[in-house]
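*Asks:* When you read off a place in the sequence shown, starting at 1, and then add 940, the result is the number in my numbering. One structure coming up, written as structure tokens, with questions to follow.
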Amino acid sequence: MLSIPFNKPHLTGKEAHYMYQAVYNGKLSGNGEFTKRCQHFFEERYGFKKCLLTTSGTDALEMCAMLCDLKPGDEVIVPSYTFVSTALAFLREGAKVVFADSMKRNPNLDAETLEALITPRTKVIVPVHYAGVACDMDAIMSIAEKHNLLVVEDAAQAIDSYWKPLPTSPQGEEKKPLGTIGHLAAFSFHETKNITAGGEGGLLIVNDERFVRRAEIIWEKGTNRAEFFRGEVNKYGWVDMGSSFLPAEINAAFLWAQLENLDEIQAKRKQLWNRYYELLKPLADKGYFTLPDIPDYATNNAHMFYLILPDLEKRTALIKYLKDNGVLAVFHYLSLHSSAYYADKHDGRMLPECDRYADTLVRLPMYYDLETDQVNEICRLILRHYEH
Ligand SMILES: *Cc1c(COP(=O)(O)O)cnc(C)c1O
């Protein structure tokens, strides 16, 4: 029988080597050689204005929320179909979280519903690029500009993915890496993402110059230590809010090994993803399920391969059939607006698309060390489930 997990963290082979180097460099705490190397890599490759490594994607989102400088009662629009951290980061800052529904075509925030959610208290929109697929950033950025709102991209799943403007785009012609479009953005290097910083890790992106200085201070526990180390001030002290957001050098060293192999990792993941798509297309054409949607304005970073089933019962049956045959396929988010913690704080609006994805989306195994043959086997099982 097959035994295929849902996820398995990939080791490039150099992680332990770089971690050993980090240990014997004699500087173990954050913001050392490997941290700088990783940040520089991202700034060069994707054109991010300012990068700061963090201990998690959640922490990067919390830094974004702190930088937005929210006042009690300020409102932040967040999709309900997302990970808890997207909402929690802003809730912790005293904001009121206003949940938005997903699109019909894919789980990303539906920009057409945005305008109706905006009030004089709205300060921030947080698009989540689900499965690494870009949200409709033309629509979201123009609504944000019109109402003078900040945009924080939750790009946790979206490393090495792009947004492509359509010919009519007011945002210009160039394709843009996800994470460069909003004022601020957050990536995750948790072990379930395309690349990892040794299990937990994240990255804050500051695209708007106005936030750069304060981001460094918040990163360094509310002190202007970064300026001190650059020789810009002759002593450092407590100047603002902050917390401990820097990862230790051994985590940055682990991430560096993954970054050296980023192209190879991405190529293999895309190959597996395309294989799934090709083998499952005939079943999708027969109406058993729908395949992942990649709009014309988005690229695919092969973070995730998901299917949308017609209903909860059919999804449960497929997950069980795969599990009985040694393949772990898993559903994803439960709607945040009806969660145990938030249900009584939500304003009661129905978010039907979000609830539909909560009931019908299933994710298939997707990781670097998965073999093409195993994808073939998984697809053969799915075929047998439907056509035996
Ligand atoms: C993974 C993820 C996060 C949280 O990242 P961590 O590194 O696990 O803290 C936040 N938002 C989304 C959409 C994610 O997928």
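Even for Gly, the Cβ is constructed at its ideal location relative to N, Cα and C. If you're wondering where the values come from, they're calculated on a predicted model, not measured in any experiment.
Which term fits TYR1326, buried or exposed, when burial requires 16 or more other beta carbons within 10 angstroms of its beta carbon?
*Replies:* Exposed, by the Cβ-count rule.
*Asks:* With 16 as the cutoff for other CB atoms within 10 Å, does GLU1172 come out buried or exposed?
*Replies:* Exposed, by the Cβ-count rule.
*Asks:* State yes or no: is the C-beta of LYS1063 nearer than 7 Å to some heavy atom of ligand 2?
*Replies:* Absence of ligand 2 is noted for the structure shown, with ligand 1 being the only ligands found.
*Asks:* What alpha helix (DSSP H) runs, 4 residues minimum, are completely inside the region 957–993?
*Replies:* You should have 973–986.
*Asks:* The beta strand (DSSP E) that contains ALA938, what's its start and end?
*Replies:* Because the chain here runs from 941 to 1328, residue 938 falls outside it and cannot be looked at.
*Asks:* Using C-beta distances below 7 Å, list every residue in its chain close to TYR1217, excluding the 5 sequence neighbours before and after it, in chain order.
*Replies:* The residues are LEU1231.
*Asks:* State buried or exposed for LYS990, treating a residue as buried only when at least 16 other CB atoms are found within 10 Å of its CB.
*Replies:* Buried, by the Cβ-count rule.
*Asks:* With a floor of 3 residues, list each beta strand (DSSP E) that falls wholly inside the region 1068–1121, ordered by position along the chain.
*Replies:* List check, beta strand (DSSP E) in window: 1090–1094.
*Asks:* Report yes if the CB atom of TYR1297 is closer than 8 Å to the CB atom of PRO1067, and no otherwise.
*Replies:* For TYR1297 and PRO1067, no; Cβs fall outside 8 Å.
*Asks:* Please report the straight-line C-alpha distance between GLU1156 and LEU1007, rounded to a whole angstrom.
*Replies:* Taking the straight line from one Cα to the other gives about 11 Å.
*Asks:* Quick one: grab the DSSP three-state call for ILE1234.
*Replies:* If DSSP states are grouped into helix, strand and coil, ILE1234 belongs with coil.
*Asks:* Taking 7 Å as the cut-off, does the CB of VAL1068 come closer than this to any heavy atom belonging to ligand 1?
*Replies:* Result yes, Cβ under 7 Å from ligand 1.
*Asks:* Who are the Cβ neighbours of ASN1265 in its own chain at under 8 Å, not counting the five residues just before and after it?
*Replies:* Counting only Cβ-Cβ distances below 8 Å, and skipping sequence neighbours, we find MET941, LEU942 and LEU1321.
*Asks:* What does DSSP give as the partner residue(s) for TRP1178 in the beta ladder?
*Replies:* The partner list for TRP1178 (beta bridge, DSSP) reads THR1163.
*Asks:* With distance defined between alpha-carbon atoms, name the residue in SER996, LYS1086, PRO1235 and LEU1089 nearest to ILE1135.
*Replies:* Closest by alpha carbon: SER996.
*Asks:* Out of PRO1105, SER1279, LYS1285 and GLU1113, which has the shortest C-alpha to C-alpha gap to ALA1238?
*Replies:* Checking every option, the nearest Cα to that of ALA1238 belongs to PRO1105.
*Asks:* If you run the structure through DSSP and keep just helix, strand and coil, what is PHE1185?
*Replies:* Here PHE1185 sits in coil by DSSP.
*Asks:* So, for GLY1138: in the same chain, excluding its five sequence neighbours on each side, which residues have a beta-carbon less than 6 Å away from its beta-carbon?
*Replies:* Taken in chain order, the residues that qualify are ASN1191 and PHE1194.
*Asks:* Run through DSSP, which three-state label would ALA1035 get?
*Replies:* Correct three-state label for ALA1035: coil.
*Asks:* If we call anything under 8 Å between Cβ atoms a contact, is LEU1089 one with THR1108?
*Replies:* Against a cut-off of 8 Å, the Cβ pair of THR1108 and LEU1089 comes out as no contact.
*Asks:* So, THR998 versus ALA1035, is the Cβ gap smaller than 8 Å?
*Replies:* No; because the gap between Cβ atoms is not below 8 Å, this pair is not in contact.
*Asks:* Is the region 1265–1285 touching the region 1157–1171 in the sense that three or more CB pairs, one from each, lie closer than 8 Å?
*Replies:* Result no; under three Cβ-Cβ pairs closer than 8 Å.
*Asks:* Whole angstroms is fine: what's the gap from PHE982's alpha carbon to ALA1074's?
*Replies:* Cα-Cα distance, rounded: 19 Å.
*Asks:* Starting from ALA1126 and walking both ways along the beta strand (DSSP E), at which residues does that stretch end?
*Replies:* 1124–1128 is the span of the beta strand (DSSP E), which, as asked, contains ALA1126.
*Asks:* ALA1280 by DSSP, collapsed to three states: which one?
*Replies:* ALA1280 falls in the coil class under three-state DSSP.
*Asks:* Quick check on this structure: which residue in ALA1040, THR1022 and GLU984 has the alpha carbon closest to the alpha carbon of MET1290?
*Replies:* The shortest C-alpha separation from MET1290 is found at ALA1040.
*Asks:* Please determine whether the Cβ atom of LEU1258 lies at a distance below 7 Å from any heavy atom of ligand 1.
*Replies:* Checking the Cβ of LEU1258 against ligand 1 gives no.
*Asks:* For the structure I just gave you, are there three or more beta carbon pairs, one from the region 1076–1089 and one from the region 1222–1231, closer than 8 Å?
*Replies:* Not touching, per the Cβ criterion.
*Asks:* Where does the unbroken alpha helix (DSSP H) through GLY997 begin, and where does it stop?
*Replies:* Residues 997–1007.
*Asks:* Along the chain, where does the beta strand (DSSP E) containing ILE1017 start, and where does it finish?
*Replies:* Counting along the chain, the beta strand (DSSP E) containing ILE1017 begins and ends at 1015–1019.
*Asks:* State yes or no: is the C-beta of ALA1074 nearer than 7 Å to some heavy atom of ligand 1?
*Replies:* Not under cutoff, so the answer is no.
*Asks:* List the endpoints of the continuous beta strand (DSSP E) containing LEU1143.
*Replies:* Counting along the chain, the beta strand (DSSP E) containing LEU1143 begins and ends at 1142–1146.
*Asks:* Cβ of TYR1308 within 8 Å of Cβ of ARG1209?
*Replies:* It is a contact, given that the beta carbons lie within the stated cut-off.
*Asks:* Give the DSSP-derived three-state secondary structure of SER1025 in the structure shown.
*Replies:* Looking at SER1025 - three-state DSSP - the assignment turns out to be helix.
*Asks:* Based on the DSSP output, what are the partners of TYR1261 in its beta bridges?
*Replies:* In DSSP, TYR1261 forms no bridge with anything.
*Asks:* Could you tell me which residues DSSP pairs with TYR1297 in its beta bridges?
*Replies:* DSSP, once it has assigned bridges, lists no residue as partnering TYR1297.
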